[in-house]
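Chains as they are written, first to last, in our numbering: chain A, 41 to 184; chain B, 41 to 184. Note that beta-carbon positions come from the ideal geometry of N, C-alpha and C, so glycine has one too. The structure displayed is predicted, hence computed values, not measured ones.
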DNA sequence: CTATTTGTTCAGTGTTTACTGAACATTCAG
DNA sequence: CTGAATGTTCAGTAAACACTGAACAAATAG
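Given below as structure tokens:
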């Protein structure tokens, strides 16, 4: 599934295991063993997942090893990641419109639409995320 | 930009040109020439873009050539594409929860959250898209 | 029917990518 | 200090991918 959305397969395998592992925090070595992968690949991919904000590194007092676990709000982080892309597309459309400022509006219609929908998403997705967080909080209070 | 979101570079180059070309519809040959790419690659990538719903093939009466142009609502198509992915993630979480039905809820918390947020997105993204379409229609009526 | 234009398929090539395993760096225990 | 455990970096490899160009197929004009 991670491969399908353009991420390294091994990052998906790590994330997948962290979704169900008990305890939720797993060491580099434990990951390498359960996934039958090299330490190098684990090291690279945990760094990658941390950079995306999907997992975090945690320490256990008196234990020198690093542990990894899925971050709270990991999925919201993906939205933030996506917003960066959307912003890039919006800016690209803006640059195009700028370069074509002398052309008739009708000629720029496609670029304008690209700009407008990305602006729309940039405005709405954070609101959607907020609503999700609120809904979550409500549920937790209700003890669901 | 297309490469960044995991699509073939050439598909992005074609789409980019179709965003600004005049006229909006361009033949296979015209694309090959302006992008300095092989006919084979154009043929493959137009098929790819059509499959995504981003462009469409159009005919001009009395002209044997195929022309391509950006589809109306191309960007909404991307949302639909994304919904397929989100649905797949939701189903994956469901399958996990199913397999773990005997485990305590606390152990399944991470999977449950994955499931819930994807359900949320599956419910909300179509609504967002509808709102966008309505806003668009309003603007057009107002002649903006 | 033949020649030309247009489009598709596919083998081959070069590039990119993901992963491994080894070398290296760091931290700590004894 | 030495040695063991842990983590990172990196060269090398195997697989995947994007693209080209040529061969092929289909459609039309003359």
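Between the C-alpha atoms of residue i and residue j, what's the straight-line distance to the nearest angstrom?
i: residue 85 (chain B); j: residue 159 (chain B); result: 32 Å
i: residue 43 (chain A); j: residue 122 (chain A); result: 16 Å
i: residue 117 (chain B); j: residue 165 (chain B); result: 12 Å
i: residue 68 (chain B); j: residue 98 (chain B); result: 11 Å
i: residue 141 (chain B); j: residue 157 (chain B); result: 19 Å
i: residue 147 (chain A); j: residue 144 (chain B); result: 60 Å
i: residue 76 (chain B); j: residue 61 (chain B); result: 15 Å
i: residue 163 (chain B); j: residue 100 (chain A); result: 39 Å
i: residue 182 (chain B); j: residue 120 (chain B); result: 28 Å
i: residue 102 (chain B); j: residue 74 (chain B); result: 24 Å
i: residue 180 (chain A); j: residue 135 (chain B); result: 23 Å
i: residue 87 (chain A); j: residue 105 (chain B); result: 50 Å
With a Cβ-Cβ cutoff of 8 Å, do residue i and residue j count as a contact?
i: residue 64 (chain B); j: residue 126 (chain B); result: no
i: residue 82 (chain A); j: residue 92 (chain A); result: no
i: residue 155 (chain A); j: residue 139 (chain A); result: no
i: residue 124 (chain B); j: residue 46 (chain A); result: no
i: residue 168 (chain A); j: residue 168 (chain B); result: yes
Nearest by alpha-carbon distance to residue i: which of the options is it?
i: residue 107 (chain A); options: A:169, A:165 and A:58; result: A:58
i: residue 161 (chain B); options: B:136, B:112, B:45 and B:129; result: B:129
i: residue 78 (chain B); options: B:163, B:54, B:89 and B:90; result: B:54
i: residue 96 (chain B); options: B:103, B:102, B:104 and B:114; result: B:114
i: residue 131 (chain A); options: A:103, A:146, A:144 and A:153; result: A:153
i: residue 49 (chain B); options: B:73, B:62 and B:89; result: B:89
i: residue 56 (chain B); options: A:168, A:151 and A:101; result: A:151
i: residue 41 (chain B); options: A:171, A:119, A:133 and A:175; result: A:133
i: residue 176 (chain B); options: A:80, A:135, A:73 and A:149; result: A:149
Within 10 Å of its beta-carbon, does residue i have 16 or more other beta-carbons around it, so buried, or fewer, so exposed?
i: residue 192 (chain A); result: No answer is possible for residue 192 (chain A): it lies beyond the span of chain A, which begins at 41 and ends at 184.
i: residue 178 (chain B); result: exposed
i: residue 66 (chain A); result: buried
i: residue 112 (chain A); result: exposed
Residues in the segment 113 to 134 of chain B having any Cβ partner in chain A nearer than 7 Å: 115, 125, 128, 129 and 132
Return the residues of the segment 157 to 177 of chain A that lie within a Cβ-Cβ distance of less than 7 Å from chain B, sorted by chain order. 157, 160, 164, 168 and 172
Which residues, in order along the segment 41 to 70 of chain B, keep a beta-carbon less than 8 Å from a beta-carbon of chain A? 41, 44, 45, 46, 58, 59, 60, 62 and 64
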